[in-house]
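I have placed the structure first, in the form of structure tokens, so that the comments after it can refer back to it.
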Amino acid sequence: MPKTNNISFYAIALLLSCISTAALAANTLNSVRIWAAPDSTRVVFDLGDKPAYESFTLSNPQRLVIDLADTVQGKKLNLTKLNDSPLVKRVRLSKPPKKSTLRLVVDLKQAATASLFSLPPTGPYGDRLVVDFEQGRTSQSTVKQDSDRSQTTDRDIIIAVDAGHGGDDPGSIGPSGTYEKGVAFAIAQKLADKLNAVDGITAIMIRKGDYFVNLNRRSELARQAKADLLVSVHADAFTSPQPSGASVWVLSNRRANSEMGRILEQGDQVSQLLGGVGEIVQNTDSEQYLMRTLIDMSMDNSRSAGYRVASNVLNQLGQVTKLHKSRPEYASLAVLKSPDIPSLLVETGYISNPREEKLLRSSAHQQQVAGAIFNGILHYYQSYPPEGTLLAKHSSVTHKVASGESLSVISARYNVSISAIKKANGLKSDVVRIGQKLIIPRA
Numbered sequence: 001m002p003k004t005n006n007i008s009f010y011a012i013a014l015l016l017s018c019i020s021t022a023a024l025a026a027n028t029l030n031s032v033r034i035w036a037a038p039d040s041t042r043v044v045f046d047l048g049d050k051p052a053y054e055s056f057t058l059s060n061p062q063r064l065v066i067d068l069a070d071t072v073q074g075k076k077l078n079l080t081k082l083n084d085s086p087l088v089k090r091v092r093l094s095k096p097p098k099k100s101t102l103r104l105v106v107d108l109k110q111a112a113t114a115s116l117f118s119l120p121p122t123g124p125y126g127d128r129l130v131v132d133f134e135q136g137r138t139s140q141s142t143v144k145q146d147s148d149r150s151q152t153t154d155r156d157i158i159i160a161v162d163a164g165h166g167g168d169d170p171g172s173i174g175p176s177g178t179y180e181k182g183v184a185f186a187i188a189q190k191l192a193d194k195l196n197a198v199d200g201i202t203a204i205m206i207r208k209g210d211y212f213v214n215l216n217r218r219s220e221l222a223r224q225a226k227a228d229l230l231v232s233v234h235a236d237a238f239t240s241p242q243p244s245g246a247s248v249w250v251l252s253n254r255r256a257n258s259e260m261g262r263i264l265e266q267g268d269q270v271s272q273l274l275g276g277v278g279e280i281v282q283n284t285d286s287e288q289y290l291m292r293t294l295i296d297m298s299m300d301n302s303r304s305a306g307y308r309v310a311s312n313v314l315n316q317l318g319q320v321t322k323l324h325k326s327r328p329e330y331a332s333l334a335v336l337k338s339p340d341i342p343s344l345l346v347e348t349g350y351i352s353n354p355r356e357e358k359l360l361r362s363s364a365h366q367q368q369v370a371g372a373i374f375n376g377i378l379h380y381y382q383s384y385p386p387e388g389t390l391l392a393k394h395s396s397v398t399h400k401v402a403s404g405e406s407l408s409v410i411s412a413r414y415n416v417s418i419s420a421i422k423k424a425n426g427l428k429s430d431v432v433r434i435g436q437k438l439i440i441p442r443a
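Every letter in the sequence shown is one number past the one before it in my numbering, and letter 164, counting from 1, is 164.
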């Protein structure tokens, strides 16, 4: 009997100890989520409250150690190997420096820079500690190769298609739980497919999956791809469900001027914007005003082109959906920051509006919206093809017939009459076959 009492006493004491430890802890770690991108990885620690943390790195092997003060595990965590990440091998627990601290170790596959920051509750998420790992960036010398594109002939027009948000950033959330990031990616992918079907145009996706790309990094990736245009796809939202309609935004004067000033302070970027001329000017102190003039001219040209493309896109969107604004709007947004690349941001509708949320979830509507953006871009470049491009060399484009396409569908896409297409291709009937290449004359 005494033996049983002793066991009961120790069991109760152990239980009270666990309860007191949890009660003293000001925070709990509830889950760990990982979002892997091609050259970066985001690790998100979901917590019950705002985190208090310290971190340091260790090498041989490479790892990041994070100490969460006054924190315990909220539940057993699934900390498994992450083979899909190019940088993160696994996340594990380690012996803490003191009982009230929860120590986490992120084992890395290679050396990487880590950026840590906390985020307050938003949407479906509570308090979070976010760690962004990035591997070494492309060197400036590599980026600058062939920067003078006027020497290139018969090249493709490059369109950088950016799907907004991604990964841990869901964007706006609709009344029925639709995430903006998913809608934006679906429309962006459909747009890229349509652009890539045109001979003389190549589309690149800024993000190719469900992961987050830093806003400033998006324009950097477009520049590295030597993009002629950057199109960012989003869905709008408001605090009430009434607002509706699509809109298109372009770079504001204020943002353009501040970006130009920042670039002038960073001489290593000038050559990226101006090619060989930039290298000559930036090394000549007495000619600094020429550098500013050249960048100013580049900025004016890109903003003018961006506005014209935006106007075309808005006109086409008006044929498939309601418009919130009938003219392009100016904005000081992070993704609209490149003075050298024409850039526009397309708000495809209000995801906070129940009717438009339902439309934006529809694959058929996504195709219509992507088609409208495509038509606006194509019509612009058919009228103003950049010098040295295949579209500038030929007065027509080539289209490869896809499954489900008819001559009337292709005619509507390019805004060219059926008779004009038949004449350009010597067709005697309206019948086309999958895989057939058609010459599309300019509208």
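Note that CB positions come from ideal geometry on N, CA and C, so glycine has one too.
By the Cβ test, the segment 32 to 50 is in contact with the segment 196 to 216, since at least three Cβ pairs between them sit closer than 8 Å.
A364 counts as exposed, since fewer than 16 other beta carbons sit within 10 angstroms of its beta carbon. The beta-bridge partner set that DSSP reports for I159 consists of A203 and L229.
Here DSSP, grouped into helix, strand and coil, assigns A370 to helix. Cα atoms of S55 and S406: separation of roughly 60 Å, rounded to the nearest angstrom. DSSP places E180 in the uninterrupted alpha helix (DSSP H) bounded by E180 to N196.
In the three-state DSSP reduction, P354 falls in the helix class (H, G or I). The Cβ atoms of V44 and V130 sit closer than 8 Å to each other. Pairing K428 with A420, the inter-Cα distance amounts to about 12 Å.
Residue pairing from DSSP places T101 in a beta bridge opposite A69.
Per DSSP, R327 is not a residue of any beta strand (DSSP E), being assigned neither H nor E.
In the assembly as shown, N375 is a buried residue. Its beta-carbon has 16 or more other beta-carbons within 10 Å. In the DSSP assignment, the residues bridged to H399 are V198 and L438.
Bridge partners of T41 according to DSSP: A36 and F133. Look at the beta carbons and you see the segment 179 to 194 touching the segment 221 to 238: at least three pairs across the two are nearer than 8 Å. Counting along the chain, R433 sits inside no beta strand (DSSP E), nor does DSSP assign it H or E at all.
Judged by beta-carbon spacing, V250 lies beyond the 8 Å limit of Y381, meaning their Cβ atoms are not closer than that value.
About 6 Å separates the Cβ atoms of E357 and S176, confirming a contact at the 8 Å cut-off.
Counting along the chain, no alpha helix (DSSP H) covers Y384, and no H or E run does either. For K89, the three-state secondary structure derived from DSSP is strand. Inter-segment contact for the segment 183 to 195 and the segment 299 to 316 is absent: fewer than three beta-carbon pairs are separated by less than 8 Å. Residue range L407 to Y414 is occupied by the alpha helix (DSSP H) that includes V409. Distance between A160 and K76, taken at the CA atoms: about 42 Å. The alpha-carbon of V401 is positioned some 11 Å away from that of I440. Closest in alpha carbon position to A111, among K98, T101, Y125 and K89, is K89. Per DSSP, S59 lies in no alpha helix (DSSP H) and is assigned neither H nor E. Closest by C-alpha distance to T113, out of G174, S59 and R223, is S59.
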